[in-house]
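Numbering (my numbering), first residue to last: 313 to 551.
Just so it is clear, CB atoms sit at the ideal spot from N, CA and C, and this is done for glycine as well.
The structure under discussion appears below in the form of structure tokens.
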Amino acid sequence: MIALHGYTSNSANTNRYFGLSQRVTRDRFALILPNGTRNPEGANFWNATDYCCDFWGSGVDDVAYLNNLVIEAGKHIVPDGVYLVGLSNGAFMSYRMACESMPGLLGLVALGGTTFDDPERCAGAAPLSVLHIHGTGDVVILYGGGSSNTGTTHYPGAEETVRRWAARAGCDLDAAEELEPLDLDFTLSGAETQPLRYRAGCAQGVTVELWTIEQGAHVPAFNPDRIGARLIAWLFAGR
313 MIALHGYTSN
323 SANTNRYFGL
333 SQRVTRDRFA
343 LILPNGTRNP
353 EGANFWNATD
363 YCCDFWGSGV
373 DDVAYLNNLV
383 IEAGKHIVPD
393 GVYLVGLSNG
403 AFMSYRMACE
413 SMPGLLGLVA
423 LGGTTFDDPE
433 RCAGAAPLSV
443 LHIHGTGDVV
453 ILYGGGSSNT
463 GTTHYPGAEE
473 TVRRWAARAG
483 CDLDAAEELE
493 PLDLDFTLSG
503 AETQPLRYRA
513 GCAQGVTVEL
523 WTIEQGAHVP
533 AFNPDRIGAR
543 LIAWLFAGR
């Protein structure tokens, strides 16, 4: 499993937020916690899409970097698959790796970040399980999609992103099912998160889901113990 941080953040913060390392032994997985490149302002970033987040135009090849991390890890373990968990810029980067058909990639979790605006940038991507989590109150990466301040780069919304990955997996887009609401964000009352699942017709072993957090912020207030367990269980369901 590789956890990818958001813009200006780091791997340690992302690990704490999702509560991942504390579950390594219990759930039997290897965890890689990389940091992105530092820009001239000292902020860590991933060069994921034209929208996010190589704002200084470095052109750094993070696809090669992450693929090489998996190759290096393979010298010490025998992985049965690769899984990505990305937050914000890290979510954009997770989708970038899926678009590039990262070797061994079986599933990803993306929170508060989407993908290329142009679907052709992901043409030929291999089917994989996708869990997209997004708050409708996110003012950083809008739930419905958005553009840069200059209007020159764009990103699709959460629902469009999920439908694209469901379509790539051959899922029946008319057979999506709403599941029981979840209570994930402890600052919001009740079960505020509505899951939508695509499974009918999907490639074998593939599930695509959208968890919509009503009024949820860009970085929702999760309990690390609970969210880590839930996300790992979702990713490893077909393991």
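query	result
Where Asp374 and Asn401 are concerned, what is the direct C-alpha to C-alpha distance, given to the nearest angstrom?	12 Å
From the DSSP output, in three-state form, read off Thr349 for me.	strand
Taking the C-alpha atoms as reference points, what is the distance between Ala315 and Ser460?	25 Å
Determine the extent of the alpha helix (DSSP H) in which Val375 is found, giving its start and end residues.	374-385
Please list the segments of the alpha helix (DSSP H) lying wholly inside the stretch 467-514, counting only runs of 4 or more residues, in order along the chain.	470-480
State the Cα-Cα distance for the pair Ala438 and Val394, rounded to the nearest angstrom.	13 Å
Taking Ser321 as the reference, give the member of Cys434, Arg340, Gly398 with the closest Cα.	Gly398
What number of angstroms, rounded off, separates the C-alpha of Leu417 from the C-alpha of Pro352?	32 Å
On the three-state DSSP scale, how would you describe Tyr455?	coil
CA-CA distance, Thr337 and Thr464?	45 Å
Is Gly540 helix, strand or coil when you go by DSSP?	helix
Thr426 by DSSP, collapsed to three states: which one?	coil
What's the gap between the Cα of Gln334 and the Cα of Arg538?	12 Å
Following the continuous beta strand (DSSP E) through Tyr395, name the residue where it begins and the one where it ends.	394-399
When you compare each of Ala376, Gly369, Gly419 to Ala549 by their alpha carbons, which one comes out closest?	Gly419
Which of helix, strand or coil does DSSP assign to Asn322?	coil
Within the same chain, show all residues whose beta-carbon is closer than 7 Å to that of Arg408, passing over the 5 residues directly before and after it, in chain order.	Ala360, Thr361, Val375
Go to Val336, then tell me how far its alpha helix (DSSP H) extends in each direction, as first and last residue.	336-339
Figure out for me which residue from Tyr363, Gly369, Phe330, Phe341 has the closest Cα to the Cα of Thr349.	Gly369
For Ser441, which residues does DSSP report across the bridge?	Gly419
Look at the alpha carbon of Asn379 and the alpha carbon of Glu504, and state the distance between them as a whole number of angstroms.	36 Å
Identify the residues that DSSP records as bridge partners of His446: which are they?	Thr524
Here's the rule I'm using: 16 or more other beta-carbon atoms within 10 Å means buried, otherwise exposed. How should Asn356 be labelled?	buried
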